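Undergrad: All residue numbers for the sequence shown refer to the working numbering, where the first residue is -7 and numbers rise by one. Yeah, the Cβ is synthetic: ideal placement off N, Cα and C, and Gly gets one too. Because the structure is a prediction, the values reported are computed rather than measured. Structure provided below as structure tokens; questions to follow.
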Amino acid sequence: RNIGFQGKFEVLFEDFSDNKNVTKAPRITDICIQQTSNDHFIIKGKISIPEVNLKLMSSQRTGDRLLVTNYDAKITDLHGEIEVRLACIANQIYMMACFCGRPELDIQLINRDPMPTGTVSNTMVDEMIRKCLLSAVTNVSLTEPGGQCGRMATGMVPPNIFPTMPHAMPINGDRPDMVDNRVNWATVPGHEMMKRPLV
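Structure representation (structure tokens):
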């Protein structure tokens, strides 16, 4: 996932970093299931992820210079409320998941560049990661192309399967408290979203 700020800062999430030393598994508690009038299921719960490590590239434009810094991001004590919506339409099962509100987490940034000539603002990269987790939605088809369940694939959730999700996404770089709750995430292709094992 790529996220920018005022046209000057940008963060690209490239891949997972080394997670082989992560020994504690994520936990989901306080699970609540609700069936809606249109036979959709809404699952809410609290998730706690002790640690996950990511690779990212950040850039910052200052005047006529472009600083690029490669980081390993160690995210610890990630916790918050999540919402998962499931729908079965025409023998196809679709799932959408996101955080409800801003999750809590600690971030440690490690510069991967052996001989850095300049460094992108750590404070800005930290805020970008938090905004990306806030706005990201997992969009998944749980059905094989032939109509048999049991295989997972990312793709497009057809429009109008899910109502507009009550999910707050920052739209103003100067005012992080300004949000837009009207985004219909069902129209966003899955390959353009952050693919997260976090939910």
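1) Between which two residues does the beta strand (DSSP E) holding asparagine 30 run?
2) Where DSSP assigns a beta bridge to arginine 57, which residues make up the other side?
3) Pick helix, strand or coil for serine 40, following the three-state DSSP scheme.
4) Rounded to whole angstroms, what's the CA-CA distance from proline 42 to aspartate 10? Just pull it up for me.
5) Taking DSSP's pairing of strands, which residues face methionine 49 in a bridge?
6) Could you tell me whether the Cβ atoms of lysine 36 and glutamine 27 are closer together than 9 Å?
7) My output table needs one value for asparagine 114: the three-state DSSP class, helix, strand or coil.
8) Work out the CA separation of phenylalanine 33 and lysine 16 for me, nearest whole Å.
9) From what residue to what residue does the beta strand (DSSP E) around threonine 135 run?
10) Could you tell me which of Leu48, Gly72, Thr54 and Asn62 sits nearest to proline 106, measuring between CA atoms?
11) Quick check on the DSSP output: the beta strand (DSSP E) that includes methionine 107 runs from which residue to which?
12) Skipping 5 residues on each side, what residues in its chain have a beta carbon closer than 8 Å to that of glutamine 140?
TA: On the basis of the coordinates in this document:
1) Your numbering for residue 30 matches position 38 in the sequence shown. Counting along the chain, asparagine 30 falls outside any beta strand (DSSP E), and DSSP gives it neither H nor E.
2) Here the question's residue 57 lines up with position 65 in the sequence shown. Arginine 57 is bridged to Thr54.
3) By 1-based counting over the sequence shown, the position of residue 40 is 48. In the three-state DSSP reduction, serine 40 falls in the strand class (E or B).
4) Along the sequence shown, one-based indexing puts residue 42 at 50. Along the sequence shown, one-based indexing puts residue 10 at 18. C-alpha separation (whole angstroms): 15 Å.
5) Translated into the one-based positions of the sequence shown, residue 49 becomes position 57. The partner list for methionine 49 (beta bridge, DSSP) reads Leu4 and Asn62.
6) As a working note, residue 36 is residue 44 in the sequence shown. As a working note, residue 27 is residue 35 in the sequence shown. No.
7) For the purposes of this step, residue 114 is taken as the residue at position 122 of the sequence shown. Note: asparagine 114 maps to helix in three-state DSSP.
8) By one-based count along the sequence shown, residue 16 stands at place 24. By one-based count along the sequence shown, residue 33 stands at place 41. Each residue's alpha carbon lies about 29 Å from the other.
9) Within the sequence shown, the letter at position 143 stands for residue 135. Its beta strand (DSSP E) spans residues 129 to 135.
10) To locate residue 106, count along the sequence shown from 1; it is residue 114. It is Asn62.
11) Residue mapping note: residue 107 aligns to position 115 of the sequence shown, counting from 1. First-last for methionine 107: undefined, no H or E at that position.
12) Position 148 of the sequence shown, counted from the first residue, corresponds to residue 140. Reliability fails at glutamine 140, whose pLDDT of 46 lies under 50, so the model's placement of it is uncertain and the value that follows must be treated cautiously. Contacts found: none.
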